[in-house]
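The structure appears below as structure tokens.
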Amino acid sequence: MKKEDKILILGSRGLVGSAIVRCLKADGHSNILTPVREELDLMNQEKVMAYFKENRPEYVVLAAARVGGIYANDTYRADFIHENLVIQSNVFGAAHEYPVKRLLFLGSSCIYPKDCPQPMKEEYLLTGPLEPTNEPYAIAKIAGLKTAENFRRQYGEKFYSVMPTNLYGENDNFHKENSHVIPGLIARMTEAMEKGESVFKVWGTGKPKREFLYVDDMARGCIYILKYEGEVPDLVNVGYGTDVTIADLVEIIKDKMGFEGTLEFDTSKPDGTMQKLLDSQKIRDLGWKPLVSLEEGIEKTIRFYRETRA
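Position 65 (the sequence shown) corresponds to 275 in this note's numbering; numbering is contiguous.
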């Protein structure tokens, strides 16, 4: 991939998309297309086709999606499956009609079975039932990666899929309910501190274990796959390599934020899957590895939230 090649980042305002743009610019790439929803409605097939016809991107990253945490996934189930299926179908179709050099589709670790052996290898896909709370989103993502895989098999398109673990960092969604674990905890703990509360409540038992990857590491992984000159597997996990209990995670956030109260776990709330750790050996074999530790990443994320909070 040359510095002047035209790179289309769909979802450039989101957590992953904005990080990819940030890292591409740092690498000296200047011909980056970053249409926002007002400029390109990915739900509209005609507009997506017209955009590809006019702009002819050479590389595409499909980071646009309807996303959220446990609460959002379980509440807006129809929206999550419908919107993601439509977006993916429109983009894959346009990238085939107006051929690109390489397309990268971003999936999610929730594609793997609820009771999947740990760490989760790519070949464990479709070997068991999914976690019920985010099943619609997971099914949409599975459909997307299978679409990419079969465009590659039938037409020889260089469409690849990367499966990130839980991501966090700059430009995350810090909504107190409709967000992922780390930003949601940061936002709620900030509010608790401002109110002078002495007890901070956490959903679930705190026993589930999760793997977290700082978003700039994920962005560097995506760019690494886009530029990689050798053979790339159809599906590639991208993770940190180790996991942490939710209880320990909250303790780290509590320490970094300076919250002096006590933690209380609400066991009436769902835990979700008890462990989700990716086996990221395939991308490590290609030469990539994460650079940002969990503690450093949480510090960066808290700093970003405090500096940008309205």
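All C-beta atoms, glycine included, are put in the ideal place defined by N, C-alpha and C.
For Glu-332, the secondary structure class from DSSP, reduced to helix, strand or coil, is helix. In the same chain as Gly-406, and ignoring 5 residues on each side of it, no C-beta atom comes closer than 7 Å to its own. Assignment of Met-373 by DSSP, reduced to helix, strand and coil, places it in the strand class. For Glu-256, the closest alpha carbon among the candidates Ser-299, Leu-225, Leu-234 is that of Ser-299.
Of all C-beta pairs linking the segment 421 to 437 to the segment 502 to 516, three or more are shorter than 8 Å, placing the two stretches in contact.
Residue pairing by DSSP places Trp-413 opposite Asp-476 in a beta bridge. Between the alpha carbons of Tyr-261 and Lys-411 lies a gap of roughly 47 Å.
For Asn-254, the number of other beta carbons within 10 angstroms of its own is below 16, and it is reported as exposed. Contact between Leu-243 and Leu-272 is ruled out by a C-beta separation of about 13 Å, above the 8 Å threshold. Between the C-alpha atoms of Thr-343 and Ile-291 there is a straight-line separation of about 12 Å. An exposed status is given to Thr-285, since fewer than 16 other beta-carbon atoms sit within 10 Å of its beta-carbon.
Between the C-alpha atoms of Leu-250 and Glu-333 there is a straight-line separation of about 35 Å. With contact defined as three or more Cβ pairs closer than 8 Å, the segment 430 to 440 and the segment 468 to 476 are not in contact.
The way I'd put it, the segment 300 to 315 does touch the segment 361 to 375; three or more beta-carbon pairs between them come closer than 8 Å. Segment contact: the segment 214 to 225 against the segment 265 to 279, three or more CB-CB distances shorter than 8 Å; contact assigned. Taking 8 Å as the cut-off, the Cβ atoms of Glu-341 and Gly-449 do not count as close.
Within the segment 270 to 332, complete beta strand (DSSP E) segments of at least 3 residues are found at 312 to 316, given in chain order. Here Asn-447 is near Met-373, since their CB atoms are less than 8 Å apart. Annotated three-state conformation of Arg-494 is helix, per DSSP.
With a 10 Å radius around the Cβ and a threshold of 16 neighbouring Cβ atoms, Pro-309 comes out exposed.
Annotation: Met-399 to Gly-468 spans about 10 Å, alpha carbon to alpha carbon. Here Glu-506 is exposed, its C-beta having fewer than 16 other C-beta atoms within 10 Å. DSSP lists Leu-377 as the bridge partner or partners of Leu-423.
When secondary structure is reduced to three states using DSSP, Thr-244 falls in the coil class, being assigned neither helix nor strand. Put simply, the backbone Cα of Glu-293 is about 22 Å away from that of Asn-381.
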